[in-house]
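Chemist: Sending over a structure as structure tokens; questions will come in a sec.
Numbering (our numbering), first residue to last: 16 to 256.
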């Protein structure tokens, strides 16, 4: 049961933010609070300690339950029964499988946190995307607030990121957040009152316009613009999360 709890924690910490980013915006607050330590390293260490604790508990239980002979069943006299090796072997195999699952969750989540497809958005009004991981490098682009980016690498306090057009560069970790946003990737698109092409057209948006993501359904995303417009856009017309 304890091992299942560790698996649940790993799922919440790593898989959850990938599919429900709006529920995990509190991670930015935690990351700031534990500075100068890396938040990704802290949660990986926490899960590793939980995993080691489970291993220690399992080992102690096995030592405690290890006997040469088992107590006879009720009503039996003068007979000692050999332990059920088959049942013990099944328990060990199950424990090994669960341990492997925990390691898969941790390794997968750790790689995602350090550049395996994680999405971030610009947290300031104007942010410089540079050619290298330091302020001494050339400024390639100036990005506006909310602009979504995909993390493809990491070096110390810098993320290597890529935008929807394939341009890549480096941004300091303090300048991005986990608030979900999308950017229009087509020349001009329609914004509708509800998810579906049969619903009322309320506005249009040009390529490069950024929206904050509010909700999503199959094939559609509900967005809000800083100008106050809220509506639905077909998912295939935008890039982000």
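All residues carry an ideal CB built from backbone N, CA and C; glycine is no exception.
How would you call residue 126, buried or exposed, if buried means at least 16 neighbouring beta carbons within 10 angstroms?
Modeler: Legend: pLDDT at residue 126 = 44, less than 50; position of this residue unreliable, no value from coordinates given.
Chemist: Pull up the CB-CB distance for residue 246 and residue 204, whole angstroms please, since I reckon it's below 8 angstroms.
Modeler: About 11 angstroms; that fails the 8 angstroms criterion.
Chemist: From the DSSP secondary-structure annotation, give me the bridge partner or partners of residue 183.
Modeler: Residue 183 is bridged to 177.
Chemist: If you follow the beta strand (DSSP E) that residue 209 is part of, which residue opens it and which one closes it?
Modeler: Segment: none, residue 209 is in no beta strand (DSSP E) and carries neither H nor E.
Chemist: Taking just the CA atoms, how far does residue 77 sit from residue 193?
Modeler: So the two alpha carbons sit approximately 43 angstroms from each other.
Chemist: Look at the alpha carbon of residue 209 and the alpha carbon of residue 200, and state the distance between them as a whole number of angstroms.
Modeler: Each residue's alpha carbon lies about 20 angstroms from the other.
Chemist: Could you check if residue 169 is buried or exposed, using at least 16 other CB atoms within 10 Å of its CB as the buried criterion?
Modeler: Residue 169 comes out buried.
Chemist: Is it true that the CB of residue 167 sits closer than 8 angstroms to the CB of residue 177?
Modeler: Yes, the Cβ-Cβ distance between residue 177 and residue 167 is below 8 angstroms.
Chemist: If we ignore side chains and look at the alpha-carbon of each, how far apart do residue 260 and residue 70 end up?
Modeler: The displayed coordinates of the chain run from 16 to 256. Any statement about residue 260 would go beyond what the structure contains.
Chemist: Express the C-alpha separation of residue 140 and residue 207 in angstroms, rounding to a whole number.
Modeler: Between residue 207 and residue 140, the C-alpha separation is close to 27 angstroms.
Chemist: Under DSSP, the beta strand (DSSP E) around residue 148 begins and ends at which residues?
Modeler: Element bounds for residue 148: n/a, residue is neither H nor E.
Chemist: For residue 147, which residues in the same chain have their Cβ closer than 7 angstroms to its Cβ, ignoring the five residues on either side in sequence?
Modeler: Once the five neighbours on either side are set aside, the close Cβ partners of residue 147 are 185.
Chemist: Taking buried to mean at least 16 other C-beta atoms within 10 Å of its own C-beta, is residue 220 buried or exposed?
Modeler: Its Cβ being crowded by 16 or more others within 10 Å, residue 220 is buried.
Chemist: Roughly how many angstroms lie between the CA atoms of residue 123 and residue 215, to the nearest whole one?
Modeler: Its pLDDT being 47, under 50, residue 123 is placed unreliably by the model, and the measurement read from it follows with that caveat. Cα to Cα, residue 123 sits roughly 42 angstroms from residue 215.
Chemist: Quick one: using the 10 Å Cβ neighbour count with 16 as the cut-off for buried, is residue 144 buried or exposed?
Modeler: By the neighbour-count rule (16 or more Cβ atoms within 10 Å), residue 144 is buried.
Chemist: Using the beta-carbon count (16 or more within 10 Å), is residue 51 buried or exposed?
Modeler: Note that residue 51 has pLDDT 48, beneath the 50 cutoff, so the model's placement of it is unreliable and no number is given.
Chemist: Looking at C-alpha atoms only, which residue of 68, 195, 155, 211 is the closest neighbour of residue 234?
Modeler: The residue with the shortest Cα to Cα distance from residue 234 is 211.
Chemist: Between the alpha carbons of residue 156 and residue 135, how many angstroms are there, rounded?
Modeler: Going from the Cα of residue 156 to the Cα of residue 135 covers about 16 angstroms.
Chemist: In whole angstroms, what is the alpha-carbon distance linking residue 251 and residue 74?
Modeler: Approximately 51 angstroms between the Cα atoms of the pair.
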